[in-house]
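Comments concern the structure below.
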Amino acid sequence: MANHEESQLLSLVVPFYNEGEVLHAFFARVVPILESIADTRFEIVCVNDGSADDTLAKLIAVARRDARVRVIDLTRNFGKEAALTAGIDEATGDAVIPIDADLQDPPELIPTLVQRWRQGAEVVLAQRARRTTDSFLKRATAAAYYRVHNCLSDLKIPENVGDFRLMDRSVVNALKQLPERHRFMKGLFAWVGFDTVIVQYEREPRSAGESKFSGWRLWNLALEGITSFSTLPLRSWTYLGTFIAMVAFFYGIYIVIRTLVLGVDVPGYASVLSLLLFFGGVQLIGLGVVGEYIGRIYDESKGRPIYLVKRRYQERRPEGRVAGNARVISLVSGKRN
Ligand code: UDP
Ligand code: MG
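For the sequence shown, the numbering used here begins at 76 and goes up steadily by one.
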């Protein structure tokens, strides 16, 4: 943990994707809370994940006024998981807190997270006590998902915990060593381990704008989670295949004996056809599952970067000092990648 003599640096990592509507409300609420935490400096690492609205312009305007706000502009929309990765890579703090821009993760909880961290926890998880603000369907599917995931995978992800949490620098450094391109952050966070405590909170409704996660996107995220952390879907085909082969074998013996005893029977067209179609279907499903994994191997093997940074924006402080040991980058330079 960081030295208590100097003030500690907190990094807030915020992905922004078309959040122009909430942006000012976000800073208005978060900054006073961060300022109220004693003995800390802070930086807000804002990742603009290829927003199509005025998010970037607004972020730059905020950064121009406040040197503690840094803007990382990605070249296009890479998705929340990649945007978070970018922010975590860029963060320089002794503790890093990823938080949603839509104020669904209450910033009022941050002082509590920091307090627990100072008491020695390396990871402080913020767990949703109740998900009353989510629709019934979202709650039900989320609950089912956690059950399926934790049943299939050796790695248990804590239920109702989002990306909102506090991580010590040591945890962040561990996280940065995970090279995979398919980033299921919840799983990666859980995978690295460390001393973890849980703090409960109530999730608020989105303050403005709308959710970027449609049912289809959530479904893909769910697949991502399972295929990234479990090979059980692959292995299960071995067991299913073995079972079917055994049944077929004994049925074969039975048919042979019955033919020897009772003579040739007229074969049933309907039963043959339905079995043929059924097992054709089963094979295709198996192939699909295998394909799901092969696709991921293919993506990983290309070794492309997880995100690309177009530009970084940060206002120079009058005395030329910048939060942490960040590179000093003025608002007009800083092209990289
Ligand atoms: N987000 C992002 N890239 C995306 C989608 C979302 O950076 O492609 C950000 C978004 O701006 C917000 C956070 O991820 O800060 C959570 O998104 P959202 O509130 O839409 O998700 P939900 O709360 O509905 O799960
Ligand atoms: Mg949200």
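By construction, the Cβ of each residue, glycine as well, lies at the ideal position given by its N, Cα and C atoms. Model, not experiment: these values are computed from the prediction.
Which value, in whole angstroms, describes the spacing of the CA atoms of residue i and residue j?
i, j, result
"V365", "T313", "12 Å"
"E367", "W294", "14 Å"
"L159", "E255", "14 Å"
"A249", "W266", "10 Å"
"L263", "L253", "8 Å"
"V88", "L227", "31 Å"
"G399", "A138", "At G399 the pLDDT is 45, less than 50, meaning the model places this residue with poor confidence and gives no usable figure here."
"V339", "I330", "10 Å"
"L362", "I232", "28 Å"
"V146", "L131", "8 Å"
"M76", "K213", "The predicted position of M76 is uncertain, since its pLDDT is 46 and thus under 50; no value can be drawn from it."
"S245", "K251", "10 Å"
"S311", "L230", "18 Å"
"L406", "I360", "Caution applies to L406, whose pLDDT of 48 falls short of 50 and renders its modelled position unreliable; the model cannot decide the point."
"S111", "V357", "60 Å"
"N93", "E118", "21 Å"
"N78", "P181", "At N78 the pLDDT is 47, less than 50, meaning the model places this residue with poor confidence; the figure from the coordinates comes in the next sentence. Rounded to the nearest angstrom, the two C-alpha atoms are 27 Å apart."
What's the call for residue i, buried or exposed, on a 16-neighbour Cβ count within 10 Å?
i, result
"K133", "buried"
"D374", "exposed"
"W192", "buried"
"P107", "exposed"
"L85", "buried"
"L351", "exposed"
"G168", "buried"
"P173", "buried"
"H224", "buried"
"I332", "exposed"
"I369", "exposed"
"E183", "exposed"
"I328", "exposed"
"G268", "exposed"
"D148", "buried"
"V247", "buried"
"Q194", "exposed"
"V341", "exposed"
"L307", "exposed"
"V105", "buried"
"L348", "exposed"
Measure the CB-CB distance between residue i and residue j and report whether it falls below 7 Å.
i, j, result
"K377", "T150", "no"
"A161", "V122", "yes"
"M413", "E156", "Outside the shown range of the chain (76 to 412) lies residue 413, about which nothing can therefore be said."
"Y382", "F153", "yes"
"F101", "A176", "yes"
"A127", "Y220", "no"
"Q275", "A204", "yes"
"H257", "S303", "yes"
"I135", "Y388", "yes"
"L241", "L188", "yes"
"D129", "G95", "yes"
"A103", "E390", "no"
Examine the ligand MG and report whether any of its heavy atoms sits within less than 6 Å of the Cβ of residue i.
i, result
"Q194", "no"
"Q202", "no"
"Q179", "yes"
"D175", "yes"
Alpha carbons only, please: which of the options is nearest the one belonging to residue i?
i, options, result
"D270", "V146, L296, V198 and I360", "V198"
"R116", "V144, I301 and Y326", "V144"
"A215", "D229, K231 and N235", "N235"
"A217", "L227, G237 and D229", "G237"
"V120", "A170, I112 and E96", "A170"
"A113", "G125, V336, I232 and E81", "E81"
"I372", "R333, E299, Y388 and Q275", "E299"
"S210", "S303, L131, R310 and G290", "G290"
"P380", "L359, L335, D129 and D164", "D164"
"I273", "Q190, S346 and D229", "Q190"
"F239", "I319, Q179 and E285", "Q179"
"I301", "R222, N93 and L315", "R222"
"G355", "S286, R140, I319 and V97", "I319"
Can we count residue i as close to the ligand UDP, meaning its CB is less than 6 Å from some heavy atom?
i, result
"F102", "no"
"G378", "no"
"G162", "no"
"F91", "yes"
"A218", "no"
"E94", "yes"
"A142", "no"
"D114", "no"
"K385", "no"
"S210", "no"
"K155", "yes"
"D29", "As displayed, the chain neither begins before 76 nor continues past 412, which places residue 29 out of reach and without an answer."
"N152", "yes"
"A136", "no"
"S286", "yes"
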